[in-house]
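Before any comments, here is the structure.
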Amino acid sequence: MESKRQFSIILIKLFFIQYLSVLCAARNFDFFYFVLQWPGSYCDTAKSCCYPTTGKPAADFGIHGLWPNYNDGSYPSNCDPNAPFDQSQISDLRSSMQKNWPTLACPSGNGITFWSHEWEKHGTCSESVLNQHQYFQTALNLKNQIHLLQALRTAGIVPDGSSYSLESIKDAIKEASGFSPWIECNVDESGNSQLYQIYLCVDTSASNFINCPVFPNGKKCGSQIEFPPF
């Protein structure tokens, strides 16, 4: 009798643990980071880059990703192993993605590996809001809402290898978007800080830019940063 009672207690504990696991996995995220990357800075490093098999991308900011995040600075990842990337679901978006979401990793690729990674690591955590097609379409729409390169050019900030103040870059982007960005830098082969990625925050419907609840812990920039050509 006692053994049956202990067995029942164990089953209840296991059920409770499983329930908590499901509850945690299903926890809604609080906002998205929308991350855009300058290809000139990706390539101007000791690691260098490889152009896609479709050819050299345009000299414009490319999408890196649309990433669900929590207000405490943490983020969910790889939320649904049963929802692998299916390129047939984005066949109508492929040409636009090759233009606006190019891969620069080596060896040269057609983008599928990059997009698959973004969907499986980040996109599956937004399935309560966006299916796979909507996830990629939404990121493309967000890029079209804000023309970063033009915003910087309007402020006299151009990708010619010159250095600009970090504050002037932030101000130009805030003027165009209405919200303060977070700027991530990397370093060129000489160790100089250069404009690499721009983070803007988006609400959970993935339709409106918002003030960032928290900024990421990425590579920070100096007060003066280079804007390399591409």
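Note that full-length UniProt numbering has the sequence shown beginning at 1, numbered continuously upward.
Backbone N, C-alpha and C define an ideal beta-carbon position, used for all residues, glycine too.
A direct Cα-Cα distance of roughly 31 Å separates K47 from T154. The three-state secondary structure of E226, taken from DSSP, is strand. Taking 8 Å as the cut-off, the beta carbon of N100 is found no closer than this to the beta carbon of K56. Taking a cut-off of 8 Å on C-beta distances, the stretch 26 to 46 touches the stretch 195 to 202, as three or more cross pairs fall below it.
Pairing C125 with P84 gives a Cβ-Cβ distance that is not under 8 Å. Under the three-state reduction of DSSP output, F209 falls in the strand class.
With a 10 Å radius around the Cβ and a threshold of 16 neighbouring Cβ atoms, T103 comes out buried. Shown here, L149 sits in a helix according to DSSP, grouped into three states. Burial of A139 is indicated by the presence of at least 16 other C-beta atoms within 10 angstroms of its C-beta. Put simply, of P181, P229 and S168 the residue whose alpha carbon is nearest the alpha carbon of P213 is P181. Relative to the Cα of I173, the nearest Cα in the group F209, S95 and P52 belongs to F209. In the three-state DSSP reduction, N78 falls in the coil class, being neither helix nor strand. Look at the stretch 80 to 135 and you find these whole runs of alpha helix (DSSP H), each 4 residues long or longer: 94 to 100 and 112 to 121.
The criterion of a C-beta distance shorter than 8 Å is not satisfied by F230 and L195.
In this structure, the beta-carbon distance from Q89 to H133 falls below 8 Å.
Collapsing the DSSP output to three states places I173 in a helix. Secondary-structure assignment with DSSP links S193 through a beta bridge to V187. Taking C-beta atoms as the reference points, L148 and L36 count as a pair closer than 8 Å. Non-local C-beta neighbours of P76 in its own chain, meaning closer than 7 Å and more than five positions away in sequence, comprise F29, P68 and C125, ordered along the chain. Straight through space, the alpha carbons of N131 and S108 are spaced by roughly 28 Å.
Of the candidates C185, G111, I146 and V187, the residue whose Cα lies closest to the Cα of F179 is I146. Where P39 is concerned, there is no enclosing beta strand (DSSP E), although the alpha helix (DSSP H) around it starts and stops at P39 to C43. T54 is a Cβ neighbour of Q98, given a cutoff of 8 Å.
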